[in-house]
Structure formats: C-alpha cells, structure tokens
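Enquirer:
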Amino acid sequence: MSIQIYNTLSRRKEPLETIEPGLVKMYVCGVTVYDTAHIGHAMSAMVFDVVRRYLEYRGFAVVHVVNFTDVDDKIINRANALGRDPKQLAESYVAEFLDDLAALHVKPASAYPRATETMGEITQFIADLIAKGYAYAAEGDVYFRVSRDEDYGRLSGRKLADMLSGTRFDVDERKESPADFALWKAAKAGEPSWPSPWGEGRPGWHIECSAMNLKHLGPQIDIHGGGNDLVFPHHENEIAQSESLTGQTFARIWMHNGMLQIQTREPDGSFKMEKMSKSLGNVVTVRAFLDAHEADTLRLVVLSSYYRNPLPFGETIVADQERKLARLRSALQPATGAATDTPAAASLGEIASGARQRFVEVMDDDFNTAGALAVLFELVKAINTARDSGVGGTPFEQAQALLRELAGVLGLRLDAPTAPANHDIAPFVELLIELRAELRKVKQYQLADSVRDRLAGLGIMLEDGPQGTRWKLSM
RNA sequence: GGCGACGUAGCCAAGUGGUAAGGCAGGGGUCUGCAAAAUCCCGACCACCGGUUCGAAUCCGGUCGUCGCCUCCA
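Counted the way the working numbering counts, the first sequence spans residues 47 to 521.
1. In chain order, which continuous runs of the alpha helix (DSSP H) of length 4 or greater are located wholly inside the segment 122 to 171?
2. Give every residue of the same chain whose Cβ lies closer than 6 Å to the Cβ of Q307, excluding the five residues on either side of it in the sequence, and list them in chain order.
3. Examine the Cβ distances between the segment 439 to 449 and the segment 386 to 395 and report whether three or more of them are shorter than 8 Å.
4. Leaving out the 5 sequence neighbours to the left and right, which residues in its chain are closer than 7 Å to R516 when beta-carbon positions are compared?
5. What do you get for A148, buried or exposed, if any count of 16 or more other CB atoms within 10 angstroms of its CB means buried?
6. The beta strand (DSSP E) that contains Y182, what's its start and end?
7. Is it the case that the segment 128 to 143 contacts the segment 98 to 112, given that we only count it when at least three CB pairs across the two stretches are under 8 Å?
8. Of the choices L394, A416, E451, E424, whose alpha-carbon is the least far from that of R433?
9. Given a cut-off of 9 Å, decide if A233 and G250 are closer than it, judged by their beta-carbon atoms.
10. Note down, in chain order, each residue of its chain lying with its Cβ closer than 8 Å to the Cβ of R194, except the 5 sequence neighbours on either side.
11. What are the start and end residues of the alpha helix (DSSP H) that includes H252?
12. Mapping DSSP to helix, strand and coil, what is T213?
13. Just checking, does the segment 77 to 92 make contact with the segment 107 to 122 on the three C-beta pairs under 8 Å criterion?
14. Can you give the Cα-Cα distance for L150 and Q492, rounded to whole angstroms?
15. Around the Cβ of L504, are there at least 16 other Cβ atoms within 10 angstroms (buried) or fewer (exposed)?
16. With DSSP collapsed to three states, give me the class of I363.
17. Using DSSP bridges, identify the partner residues of G247.
18. How do the segment 361 to 373 and the segment 398 to 407 stand: do at least 3 beta-carbon pairs fall below 8 Å, yes or no?
19. Should the segment 219 to 238 be regarded as contacting the segment 106 to 115, the criterion being three or more beta carbon pairs within less than 8 Å?
20. Relative to the C-alpha of S56, which candidate in S323, S202, Q446 has its C-alpha closest?
21. How should G514 be labelled, buried or exposed, when 16 other C-beta atoms within 10 angstroms of its C-beta is the threshold for buried?
22. On the CB-based measure, 16 or more other CB atoms within 10 Å of its CB, does A453 come out buried or exposed?
23. Between the alpha carbons of A297 and S520, how many angstroms are there, rounded?
24. Whole angstroms are fine: how far does the CA of V70 sit from the CA of G212?
25. What is the C-beta distance between L485 and A494, in whole angstroms, given that I count them as a contact (C-beta under 8 Å)?
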C-alpha cells in the first residue's frame, strides 16, 4: 500500500510516486516577512512538518525547502513607517519566525532561501522567458505573456476568458493583456532595487519561487505546498513560469492546507467563525500563544483536523486540546506493578502492534492525523488499563516507547511541562509531600488537604496513588 | 458574478455503498479518608428535499448555509 496524497491539480488522491526512488523533493511557500508570525503561519508550517516527518518515518529522504519573501511592498511600507532598512527589518522577522518554528518543534527545513539571495537566478529566469517569447519588457517592467501559456489556469480551474471578462483587473496600458502578471518591477524612488537587463528594479512575487525551485531542487519536484489562499494567482503563475521555461511538469503533487478560522462565542451561546485579520483585531501571534500555552497544544489543534479543511481555533478548542494532551501524557506515567507474562500484558502487546499498523494505514491516506490521534488514544487507554492491571516491565515500557515514537512522528513532544525553577523546588515539594504523608498516616486529613490545596494554589498538583504521591506542575 | 472546498452528537473530529472511530465537555459507577488521576457504563434519525441501489453519512440532482480565492495573504 502506498501513500495517497490529495493533489489540487487533479482534485483527487494520487499515490506518491517520486521522481527519484526514496527521495521526496518538497517545496513549501513560506511567509512574507513584514510582521510577526501568527498561528495561521504556524499551522501551515506544522502541517508540512508532519508531512515531512511522516515521509521520513516511511523511509523517504526528504529535501524540504521553504522560502522567505523578503522584498515586497508591505515590507517596504513597514520599513518606511518604522524608519528602518527594509532588508534588516525583513531579516529580523525571519530570525523571529525561525525561533517560533523551533519553539513549535517544527524541524528545520533543508534550506530557507530568500528572494534577495536569489537575484541572479531570478533575472536569468526572466531573461530566458523573454528569449522564449513567454515574457516581454515594457518601460522597465517585465510581464509574463499569459496568452502564450495554453493551459494557464488548470491548477485553479479558471479559464482565461472568464478571468478577462471579470472587472477586477487593473487596466494597465503597458500590459498586452490584463491577465499578464509582473515578473520584474521597475524601481521607484526610495525603494530597494537590483540591477537587471531592464534597468534597476525588483522581482514580482511569483518569480522568486520558480527561481528558487530551479536553483535548489531542479526543474521537477515531487510536492509543492502552501496555504490554499495561494492557489490563485501565486501557484498558478509559478506553474506558468516554470513549465514555460523548462517544458517539463513542474510539481507532481500540489498540496494546500485550509485556513485557520477564529471561532468566537456569540452572546446567545452559539459559535461563529471569522477570518483572522488585523481589522477584526483577532490576530493571535505565535508568541502570544506560546506565552500562555504549550507547543504541543497548538500541534494538537492542527492534528485534530484534516489539513485541507478550515481549522477552527478558539478558547474552548484550545482548552479541549490541553486536556487531551494531559490524557496522552497520563499513559507515560510509570508502571505500578511488574507483571510481564499475564494475560493483561499479552493483551497490551497485541494492541500495541495493531496500533502501529493502523497508524500507518490512516496516515498513508493523505495524512489523516485525526485518525492517527484516535490510534494514539486507543494505545493510551490500553497502557493505562494495563498499568491498572499490574502490568510492568518490558511489555509496558515497549508500549510506552511506541506511544512516544508515534507521537513523535506527529511532532508531539509529550514532555512534562517544566518551569524554570522546577529543579530548585523539587526538594521542597518532596519535603511537603513527606510531611503530608505523616499527617495522613495519623489521619490529620484537614491539615493534609490544606497542604495539597495550598500547593495547588501555587500550581503544583498532588496525586495520591498506590505507589505514593506524585506531583506535577499545572499549566 | 466566476472558481473551489465544506456542512457528522454541546464542542473538535474520523469514516466515501452494508445500518456511525477517537477526544473534550456532561451524567452515573469502581478506586480513594477526600480529591485528582486512571478505569467502566450512558449520547447522533450523519443540513434539507428528491433520485440511483436489495441497501447511502458515503453516488447523482436540487435547496439552504458556512468558508476560501478571484487584490496582498499560510
């Protein structure tokens, strides 16, 4: 059974057949670095992080390239408003985003090319398109000649005639057709610019991705990813540019993640979805999220849903995922018994081996992470039941190791939350637990409960079990 | 207006022909001095209306609704 992936181009699931056996070349559109990253950016990064991790789990080597658009109108405007250098400003957001990704446990991509570091390849690409008749220069600008590309529109399902009949194109007399798009923009005063055969200027938005793909991955790649808001025009234009230049199929599979939606509760108790946007004032930055929650929590929000669907995000959803996370962790508590050859131990072993198989089955089906989580929770229940039945030793530890392994494929850490002071407070907490145990022994329950309650007030949870009292930090 | 996606229990969500996974929340047990954790039990006429079929959440048509794109956007 092979891995099936939904291809936006064909609008159905297709088996992954790589260009080179055992190697997946994957390019994912990154962000335009003009502001602090929000959880929508994080969602997209996490989706493709899971794709990458799973492909690696299934034995593929993955070359994973993510770009940064670091020259763009919004960056220039922002830099002017702040009185800063656009390139420096962009790099500071790049650094911030890379920190965010690390905090989110997203594996670093194989390369993070910037548009400004790809100028030579970009201008060469454009020159070659002109030479082939797919582009033309006009007053320092260069435009892609859409009419030359017979199958333009096949990714987004648009027909050129339909688009031209629309009224939303700016009329620009320098263009041969309103549908033509800019490959190169002549420099305006005060803007960053680079030399080119057409004069000083900067690249259009779409060309950088085509040029970076060619530079870092070659003329053909296996997977091209990004948010579904990029299908048109960005990815459509990438196909037009790349395939016009090379004459080869550009990307075999186009994967698009759905958009994160903010879920809010109405006064009448019902729920409503809205787009995250500055004008609505509902933007949640990665940093703001991580100040209040764990990375695994956001990971679970993303994993809970099919990546192609809109992803609801809100307070109730986050709270749910936090409790789910606690439940996943519950299975990692140590064994309380040591039985290794009881029926309960055998049963745990059976469930564990079945879990690995079903995990692969559901993930093979277009990365069904919600189904994969269900497998994890079945394993959690089996582990906890086994613990309650006194199972311990190797069978128990192997089941836990499997849970960690599969969770790891999804990018979940499952470490216990740690406070900076964790180490320092441990002896004191343990001292209090010992004293409380003495109090319980002599049935001084009011005092014992007071110790527990007051520790709870400090964020330390006590749980009495057959093996004594455990403690953990509550977040 | 054009293109596309989606509508499954209070919430999130899997399931694409044979009478509905999983999680959270809620209710009830077990365990516990109590609590917490764990564990057991309890919940759905699959938006609506037609059609195809022995049989549909699952296929087809229509209606309503939500969302995305068509301008920068993960």
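For each residue, glycine too, the CB sits at the ideal point set by N, CA and C.
As the structure is a prediction and not an experimental result, all values here were calculated from the model.
Expert: Taking the structure as given:
1. Listed in chain order, they are 132 to 149.
2. Once the five neighbours on either side are set aside, the close Cβ partners of Q307 are M319, P356, P358.
3. yes
4. E509
5. So A148 ends up on the exposed side.
6. 181 to 184
7. no
8. L394
9. no
10. G179, Y180, S290
11. 251 to 262
12. For T213, the predicted structure reports a pLDDT of 47, less than 50, and the residue's modelled location is therefore unreliable. The matter cannot be settled from this model.
13. Contact holds: three or more Cβ-Cβ distances are below 8 Å.
14. When rounded, the distance between both Cα atoms is 42 Å.
15. Under the 10 Å beta carbon count, L504 is surrounded by fewer than 16 other beta carbons and is classified as exposed.
16. helix
17. According to DSSP, which records beta bridges pairwise, G247 is partnered with A232, W240.
18. no
19. no
20. Of the candidates S323, S202, Q446, the one whose C-alpha sits nearest the C-alpha of S56 is S202.
21. exposed
22. buried
23. In a straight line, the C-alpha of A297 is about 46 Å away from that of S520.
24. Because the pLDDT of G212 is 49, which lies under 50, any placement of that residue in the model is unreliable, and the number read from its coordinates should be weighed accordingly. Approximately 39 Å, taken between the alpha carbons.
25. Right, the Cβ-Cβ distance comes to about 4 Å (below 8 Å), so this counts as a contact.
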